[in-house]
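One structure below.
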Amino acid sequence: MKVLVYCKYFNFKNPLEKPKMETFVVDLPQIPRIGETIVVEKMSPMKQCVIIFEYIVTAVQFNAVSEAADAPNARVNVCLNHCWEGTSNFKLTNFL
67 MKVLVYCKYF NFKNPLEKPK METFVVDLPQ IPRIGETIVV EKMSPMKQCV IIFEYIVTAV
127 QFNAVSEAAD APNARVNVCL NHCWEGTSNF KLTNFL
């Protein structure tokens, strides 16, 4: 299932800076529930490594009308819980 993810995050080096919003689509085996964790792998554009993000779902909104075949099935709001760098090329698409 395609899920549209909305993530608001803060600059930890400068907490007074205005928070930024990131949106992306991720393919999950099922729509997560509030409080569940999703893990997303992204390639770093500057480094030759994988960055793994762990997000906690804070809100879920189902897409009742999907006219396009590639439209997301749901929209989730998340907060970043943890991220780390990896050097292997493994794929994490399931949530825990």
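So the number in our numbering is just where the residue sits in the sequence shown, counting from 1, plus 66.
The C-beta atom is built at its ideal place from N, Cα and C for all residues, glycine as well.
{"Check": "Helix, strand or coil at LEU82 [DSSP, three-state]", "Outcome": "coil"}
{"Check": "Whole-number beta carbon distance between ASN139 and LYS84, since they are thought to touch under 8 angstroms", "Outcome": "Wrong, their Cβ atoms sit about 31 angstroms apart, outside the cutoff."}
{"Check": "Beta strand (DSSP E) segment containing CYS115, residue limits", "Outcome": "Careful: CYS115 lies outside any beta strand (DSSP E) and carries neither H nor E."}
{"Check": "Alpha-carbon to alpha-carbon, GLU120 and GLN127", "Outcome": "20 angstroms"}
{"Check": "For PRO81 and LEU136, the rounded distance between their alpha carbons", "Outcome": "The sequence given here has Asp at residue 136, not Leu. Looking at the two C-alpha atoms, the distance is approximately 37 angstroms."}
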